[in-house]
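Just below is one structure, and these are the notes that go with it.
Residue numbers (our numbering), protein chains in the order written: chain A, 11 to 249; chain B, 1047 to 1340.
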């Protein structure tokens, strides 16, 4: 469904992504793993149109989208949940969620989506009128996820959803992510928590210095001794 | 004495409602873009000049002139946005402000080229003598200004707090990057807010000029000044603040004019503004200005 070919991103003179090729099939979870500064967030930013790639192409459902502005990409069914959650702290949970459904075209349709989305997030439903700034880290991440799903995406880009969360909240987040394909949503997951990410993913790419160093089915990578050394050792990615 | 106070207060509220509308337009632009548009008043002046032109050349009545004024202000606002704000998004806010000052000069030149005399007549919307309620003299056209201001404020409030556009507007005002992430076309939101502000300003300017029944090139500076002071009195960037600031400015001016004369009136306004800025720095130290959002 998503196909990136030889994608390159640079900030001024600094290359962040140096020609990567990746695919995400519909209703599957694919993850990109790697240390800080590997270029993972830049990759997601290029896909959702936040930064314009300097090289390569991005096709979504067969259509070239690399030159489209972000709102046009969201309209085609790609939602991006950025790193650090980026909630509007003084707006209510309801307002944050409705903003996620901006591509629905009207507040009434956004409200319909709200009701359907909240079924998977019962803990948010009772607090809809509270400001988002009152939430704990785990709850805030849930809200960010729910806000991403409010766009009714075919593909959701998740940037470090477990960053800074307690083990319990991390488990909750990954349980939700693992359930997304069953709802028809494909996931491109960027993570530093290698074990957890591989456990929910079907396919994985290992990224370093803007390049993919290895890729393969997640189950195989998990057993690969080279991967064990390079990615499990220095990432503090245990439970 | 009590009667003077009451009369001044009523007069001040009526004038202040026009200031409040000017401040609302300023606030809409500042709230969303965090940028000052010094060409705000001059854009309104251009609209009023076009209205006067239609009046002089074609003998059009007040309703058509009013419409031309508002539409002219929106067109001038569009020109300012494309020239000073659209090309400099995400860059230094000062660049937009300085550019808008240059456009101010340009618009004033344009006005004097269009109609070279110092002042021109502008048709009154309501030409009837003032009436009296409980001993207070009230001008019908000022009352109309007050009514229009109340309607405009309610409409703006509903738009901002009860519509999809308003929600997107508030998101953009808080964090452009996040709004972009959510698929909001922030550039379009900014442009629409800008045009809406120009329409609001055009309406306010038209009501003021129709009450004065004349227009001069100085109106641009006057409108920018009044709108800016009212917005600052109300604490930059909030809708209720702009309304309160505008009304406060009107009432203080009316009392100042009556009791101290025109020179001291303006001095009084500056003193009040100074006091507000100083107190805000003192009391509001814990509240960053970024928290006061539309």
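A virtual CB, placed ideally from N, CA and C, is assigned to each residue, including glycine.
By the 16-neighbour rule on beta-carbons within 10 angstroms, residue 1095 of chain B is buried.
Inter-segment contact for the stretch 1248-1260 of chain B and the stretch 1187-1202 of chain B is present: three or more beta-carbon pairs are separated by less than 8 Å. Close CB contacts of residue 1319 of chain B within its chain, under the 8 Å cut and outside five residues either way in sequence, are with 1275, 1278, 1279 (chain order). For residue 1187 of chain B, the enclosing alpha helix (DSSP H) begins and ends at 1186-1208. For residue 1088 of chain B, the enclosing alpha helix (DSSP H) starts and ends at 1086-1104. The residue among A:216, A:52, A:177, A:29 with its C-alpha nearest the C-alpha of residue 93 of chain A is A:52. The three-state reading of DSSP puts residue 227 of chain A in strand, counting E and B together.
Among the bridge pairs identified by DSSP, residue 41 of chain A is matched with A:199, A:214.
Taking 9 Å as the cut-off between beta carbons, the residues of the stretch 1210-1242 of chain B near chain A are 1210, 1213, 1214, 1216, 1217, 1220, 1221, 1223, 1224, 1225, 1226, 1227, 1228, 1229, 1230, 1231, 1232, 1233, 1234, in sequence order.
Using a Cβ-Cβ cut-off of 9 Å, residue 174 of chain A does not count as an interface residue toward chain B, since no Cβ of chain B sits closer than that to its own.
Within the same chain, and ignoring the five residues on either side of residue 1230 of chain B in sequence, the residues whose Cβ sits closer than 7 Å to its Cβ are 1214, 1217, 1218. Taking CB atoms only, residue 116 of chain A has a neighbour in chain B less than 9 Å away. In the three-state scheme derived from DSSP, where H, G and I count as helix and E and B as strand, residue 105 of chain A is classed as helix.
Interface annotation, residue 84 of chain A: in contact with chain B, CB-CB separation under 9 Å. The beta carbon of residue 1050 of chain B lies closer than 7 Å to those of 1304 in the same chain, with the five residues before and after it left out. Excluding sequence positions up to five before and after residue 1182 of chain B, its CB lies within less than 7 Å of the CB of 1052, 1053, 1056, all in the same chain and listed in chain order.
Between residue 58 of chain A and chain B, the shortest Cβ-Cβ separation is below 9 Å. Excluding five sequence positions before and after residue 76 of chain A, the CB atoms of its chain that fall closer than 6 Å to its own CB belong to 63, 67, 68, given in chain order. No Cβ-Cβ contact shorter than 9 Å links residue 1282 of chain B with residue 1140 of chain B.
Contacts between residue 101 of chain A and chain B, judged by CB atoms closer than 9 Å, involve 1213, 1216, 1217, 1220 in chain order. Nearest in C-alpha terms to residue 1153 of chain B, of all of B:1088, B:1310, B:1301, B:1258, is B:1088. CA-to-CA, the gap between residue 1232 of chain B and residue 56 of chain A works out to about 18 Å. Going by beta carbons, residue 1296 of chain B and residue 1059 of chain B fall inside the 9 Å limit.
In the displayed model, residue 1286 of chain B falls within a helix according to three-state DSSP. Note that the stretch 228-240 of chain A does not touch the stretch 1147-1166 of chain B; fewer than 3 beta-carbon pairs, one per stretch, sit closer than 8 Å.
Interface criterion not met: the Cβ of residue 191 of chain A is under 9 Å from no Cβ in chain B. Ranked by Cα distance from residue 1126 of chain B, the first of B:1187, B:1115, B:1142 is B:1142. If you draw a 10 Å sphere on the C-beta of residue 147 of chain A, you find fewer than 16 other C-beta atoms in it, and that means exposed. In this structure, A:216 is the residue among A:178, A:106, A:216 with its C-alpha nearest to the C-alpha of residue 231 of chain A. Residue range 1139-1160 is occupied by the alpha helix (DSSP H) that includes residue 1149 of chain B. At least one CB of chain B lies nearer than 9 Å to the CB of residue 157 of chain A. Take the alpha-carbon of residue 160 of chain A and the one of residue 99 of chain A: they are about 18 Å apart. DSSP places residue 89 of chain A outside any alpha helix (DSSP H); the residue lies instead in the beta strand (DSSP E), whose first and last residues are 88-91. Within 10 angstroms of the beta-carbon of residue 1158 of chain B lie fewer than 16 other beta-carbons, which makes it exposed. At least 9 Å separates the CB of residue 142 of chain A from every CB of chain B.
With fewer than 16 other beta carbons inside 10 angstroms of its own, residue 1306 of chain B counts as exposed.
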